[in-house]
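Number of protein chains: 2
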Amino acid sequence: MFSKTCEYGIKAMIFVAQKSKQGKRIALKEIAKGTGAPEHFIAKIMQELGRKKLVHSIKGPNGGFYLEAFDLRTSLADIVKALDGNGVYTDCVLGLKVCNEKKPCPVHDEYRDIKKKFIRMIEENTLGDFNEKLDSGQFFLVN
Amino acid sequence: MFSKTCEYGIKAMIFVAQKSKQGKRIALKEIAKGTGAPEHFIAKIMQELGRKKLVHSIKGPNGGFYLEAFDLRTSLADIVKALDGNGVYTDCVLGLKVCNEKKPCPVHDEYRDIKKKFIRMIEENTLGDFNEKLDSGQFFLVN
DNA sequence: ACATAAAAAGATAAAAAACTCTTTTTATTC
DNA sequence: GAATAAAAAGAGTTTTTTATCTTTTTATGT
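These protein sequences, in sequence, are chains A and B. Letter by letter, the first sequence follows residues -2 to 140 in the working numbering. Letter by letter, the second sequence follows residues -2 to 140 in the working numbering.
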């Protein structure tokens, strides 16, 4: 579904969002531990998310990654688009280059609805939502 | 979503099903052309599908791949399982090792319904269905 | 200013997926 | 039974993804 890069990225953003709420900055090492991602790999991912302004960071002692309150409005879709591109929106399930309403692939019609729901899911779930749900023990991020 | 291997495999099976209906055997070269897959690559894929008995073949002149009437009951899910494994059934969208009803990931509940629909889609669409729909011009397999 | 702690950047390596080439086996037809 | 046509099998290459290692830059506290 998502690339490993994207999976790690999502987990990391949720993790940072959580800690960030307490006004803390989080070091790569902690993010790696907290998400189960290899440290240097998650470093690259955070850099990319940083370039795309989805997360912020400060170098040096007491530095680390953090989110502004503002950033809690970031949706899963934003992260996915930043790391995996727009494939979720544009690609045919069967990988056909030509597949649209006029020239539908064998499952195009049936998939339309599924795709719509999936996109709604990633667009409507924000880091802020996850923070709240996590507080109330409604879900877990286990490795 | 699916691996390239799987995408090619699905297209190839639909293609063979179509031709097979006319009692023809189809050579790799034709399958490659018909699906846009590299010939030697689709060869490997057909071999694997052959081992798993989803398609049959005969060597030598006038040989090629074909399906029995029986095989038209093969579903997309059968092909996906043969080539990509059971990930679609078992894996968490976020790639978490632990994600279930007791320890749900952040989008587990919402994804449950989507997954269910997706699985229904691949299980209920068979090669036979595609043959029929194709005959009535309801869909296309373009590259 | 210096030591230190952290991220950023760059380069490299390992693993997996996608793709290709060559040889062997099997069936067919003449 | 020789020539031929096709798939099967095996080995190899390329590309992409995932992961690691090293160096540089930047900020902080003393």
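The beta carbon of each residue, even a glycine, is placed where N, CA and C say it ideally should be. Treat the numbers as computed from the prediction; the structure is a model and nothing was measured.
Burial state of residue i (16 or more Cβ within 10 Å)
i, result
"residue 142 of chain B", "Any answer about residue 142 of chain B is impossible in this case: the structure gives chain B only from -2 up to 140."
"residue 26 of chain B", "exposed"
"residue 133 of chain A", "exposed"
"residue 174 of chain A", "Past the edges of chain A, shown from -2 to 140, lies residue 174 of chain A, and the structure says nothing about it."
"residue 135 of chain A", "exposed"
"residue 13 of chain A", "buried"
"residue 90 of chain B", "buried"
Reference residue i; option with closest CA among the options
i, options, result
"residue 20 of chain A", "A:80, A:89, A:88 and A:60", "A:60"
"residue 32 of chain A", "A:78, A:-2, A:133 and A:5", "A:5"
"residue 11 of chain A", "A:0, A:58 and A:69", "A:69"
"residue 36 of chain A", "A:79, A:47 and A:24", "A:24"
"residue 49 of chain B", "B:112, B:126 and B:81", "B:81"
"residue 79 of chain B", "B:88, B:46, B:16 and B:138", "B:46"
"residue 64 of chain A", "A:114, A:16 and A:115", "A:16"
"residue 3 of chain B", "B:113, B:84 and B:88", "B:84"
"residue 22 of chain B", "B:139, B:138 and B:62", "B:62"
Which of helix, strand or coil DSSP assigns to residue i
i, result
"residue 54 of chain B", "strand"
"residue 123 of chain A", "strand"
"residue 61 of chain A", "strand"
"residue 17 of chain A", "helix"
Contact set for residue i: own chain, Cβ-Cβ below 6 angstroms, skip 5 residues either direction
i, result
"residue 86 of chain A", "none"
Same chain only: Cβ atoms within 7 angstroms of residue i, ignoring 5 sequence neighbours per side
i, result
"residue -1 of chain A", "77 and 81"
"residue 1 of chain A", "none"
"residue 18 of chain B", "128"
"residue 111 of chain B", "none"
"residue 29 of chain A", "35, 36 and 39"
Cβ-based neighbour list, residue i, same chain, cut-off 8 angstroms, excluding 5 preceding and 5 following
i, result
"residue 126 of chain A", "none"
"residue 117 of chain A", "none"
"residue 130 of chain B", "136"
"residue 115 of chain B", "85"
Heavy atom of the ligand ADP within 6 angstroms of residue i beta-carbon
i, result
"residue 1 of chain B", "This structure lacks the ligand ADP, and indeed carries no ligand of any kind."
Check whether the stretch 86 to 95 of chain B touches the stretch 90 to 108 of chain A, taking contact to mean three or more Cβ pairs, one atom from each stretch, closer than 8 angstroms. no
Inter-stretch contact at 8 angstroms, needing at least 3 Cβ pairs: the stretch 42 to 61 of chain B / the stretch 101 to 121 of chain B: With the cut-off at 8 angstroms, the stretch 42 to 61 of chain B and the stretch 101 to 121 of chain B do not touch.
The stretch 116 to 131 of chain A touching the stretch 72 to 91 of chain A, judged by at least three CB pairs closer than 8 angstroms: yes
Are there three or more Cβ pairs, one per stretch, closer than 8 angstroms when the stretch 105 to 119 of chain A is compared with the stretch 32 to 47 of chain A? no
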